[in-house]
């Protein structure tokens, strides 16, 4: 008697091999048989006319805090994701001394655009070390988690405030190595670091103060375990990205570790950016190094309102300062003529026409219905204003609750991106799941892979697309128990309709702690998701299953 | 496998100043000129960063101008 048989589907096993019609039998959380399966099961999932594939793996997320109150990392799981990698970009929630919590929460707020309530109202801080964090999330998981540990928090633990002031001493580096070993022993899948991020005060995060020798010493520890080094490079500058690729290659070869950098974007503003980076990756792989560029599938769309700071204003420090203020002070600033004149001047001599004119007023929230769908340029002309002033005035007239969409900021050319995603050395990832909550939805990239790059563009086969986000991802990360439908492996399985799988429209949701808002996308075409052999999602609803684990 | 030529770079030493780095990276140049060159080749550190010129241990500092590609 099997526990589950997923019956009569098109089995696409994650290896890239052609799909075949068959069954997948599950017993004790593991795949027991694949093919024509005889026998009975307590649960039968009818997969006729559907694809049966390994659960998808999302290698770049920031679900660190959400997992403390939502063990499904919603809505990731309903998109077929059965394993997430949090702790990217040098930031994790452990190891973290109680006295340093405020500082790291500030970094998460600044870098990943998470509301403070997410860290203060939904859970108890019960841990300081990595094993304690693992215990805190593991009791409630319905999705699998392969967590990275952040270089910045390791540095902060060992050096305190000096972690954002100076190079480490040899003794401090040795202490970081010991701490990293503890984290890896407790289940960390690797180490993440950042070369670009700033904290809430505009100071570089701790990892950026590290000499290369410090990173080399930590990579040596990763080499003892064969685990991953993830970095976020200066992705906006090709020459620096290539320099980072060379550094990662040096570490990969010296310590025999896999490395990955994310994100790698295609942009028409610098048309050879991704092409040159990938060419360098190919050269380094030919030497034996493992440097995996992560590329997301979705175009860059950013939404924002003046209710909170946004990535959109990254190049407008005065706007960021004002939008960070408490609501009353923010409103006062936006009503102050002198301040507003300066804000408008920041947007250029055209009053923000080039910078903001193509913004589109989103429907919903407090946006006047007759303006929804119109560009800010159109709205401004009708009001006899420049766009920056129209943006401020329209927001003030509606309690700041008017959202604007900046669509296709880059990475939007399917014809260019399809072949890159299909490149065997390009790792599909960089979703940022669980982050940038009020700027864009970080969910549904896998559905978009199938709808845009398999069905519409034909950039890769169904089997190749499945392999890219299952078997190949598991291989890259050393997740030996996951990623394929093969007897003996963990039974992470997704059943989906190849003709309809997609992401739905981006919508605001108010399901964060403290009624915080985030943008989400529901899934389309996903029938059933099993995690370690238990049905975690079926026919549009989550089950009570808590079968997720921390996995390495 | 020979790697194609890319821009050469160094990383700053602990507490190293731009003058010390320039002298190290461009030893045959007069110091003032070397510093100017280093700054002009690294606008990501010496122009775009706040505060400008704050060198960090993890920084990539190019020691030559961009090379042609294509």
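Residue numbers (my numbering), protein chains in the order written: chain R, 14 to 565; chain U, 15 to 84. For every residue, glycine included, the Cβ atom is placed at its ideal position computed from N, Cα and C.
At least 8 Å separates the CB of residue 176 of chain R from every CB of chain U. By the rule that beta-carbons nearer than 8 Å mark a contact, residue 74 of chain U touches chain R. Secondary structure of residue 107 of chain R (DSSP, three-state): coil. The DSSP-derived three-state label of residue 418 of chain R is strand.
In this structure, residue 495 of chain R sits near residue 70 of chain R, with a CB-CB distance shorter than 8 Å. Taking a C-beta distance under 8 Å as the contact criterion, residue 89 of chain R and residue 97 of chain R qualify as a contact pair. Going by C-alpha positions, residue 22 of chain R is about 14 Å away from residue 539 of chain R.
Residue 508 of chain R and residue 83 of chain R have their C-alpha atoms spaced approximately 23 Å apart. In this model, residue 37 of chain R and residue 26 of chain R are separated by some 10 Å (Cα to Cα). Beyond the five residues adjoining it in sequence on each side, residue 302 of chain R comes within less than 7 Å, by CB distance, of 262, 265 and 266 in the same chain, given in chain order.
DSSP places residue 498 of chain R outside both helix and strand once states are collapsed to three, so it counts as coil. Spanning the alpha carbons of residue 353 of chain R and residue 347 of chain R requires a straight line of approximately 6 Å. Its chain contains 251 and 255 as the residues whose beta carbon lies nearer than 7 Å to that of residue 289 of chain R, once the 5 sequence neighbours on both sides are disregarded; these appear in chain order. Between the beta-carbon of residue 561 of chain R and that of residue 18 of chain R there is about 22 Å, and that puts the pair past the 8 Å contact cut. Under DSSP, residue 48 of chain R shares a beta bridge with R:36.
Under the Cβ criterion of 8 Å, residue 299 of chain R is counted among the residues facing chain U.
Per the C-alpha coordinates, the member of U:49, U:64 and U:34 positioned closest to residue 78 of chain U is U:49.
The distance from the Cβ of residue 177 of chain R to that of residue 219 of chain R is about 5 Å, consistent with a contact at the 8 Å cut-off. The bridge partners DSSP lists for residue 541 of chain R are R:508 and R:551. In this structure, DSSP gives residue 399 of chain R a state outside helix and strand, which the three-state scheme calls coil.
Collapsing the DSSP output to three states places residue 546 of chain R in coil. With respect to residue 466 of chain R, residue 513 of chain R sits apart: the two C-beta atoms are not nearer than 8 Å.
What residue 79 of chain U touches in chain R, judged by beta-carbon distance under 9 Å, is nothing: the nearest beta carbon there is about 10 Å away. In this structure residue 152 of chain R is exposed. Its beta-carbon is surrounded by fewer than 16 other beta-carbon atoms within 10 angstroms. Annotation note: the segment 188-253 of chain R contains the following uninterrupted beta strand (DSSP E) runs of length 3 or greater, listed N- to C-terminal: 203-207 and 241-245. Scanning chain U for C-beta atoms nearer than 8 Å to the C-beta of residue 215 of chain R yields 64, reported in chain order. In this structure, DSSP gives residue 291 of chain R a helical state, which the three-state scheme calls helix.
Taking each of R:95, R:278, R:160 and R:145 in turn and checking the Cα distance to residue 102 of chain R, the smallest one comes out for R:160.
Look at the segment 20-32 of chain U: the residues with a C-beta under 7 Å from a C-beta of chain R are 20, 21, 23, 25 and 28.
DSSP lists R:418 as the bridge partner or partners of residue 316 of chain R.
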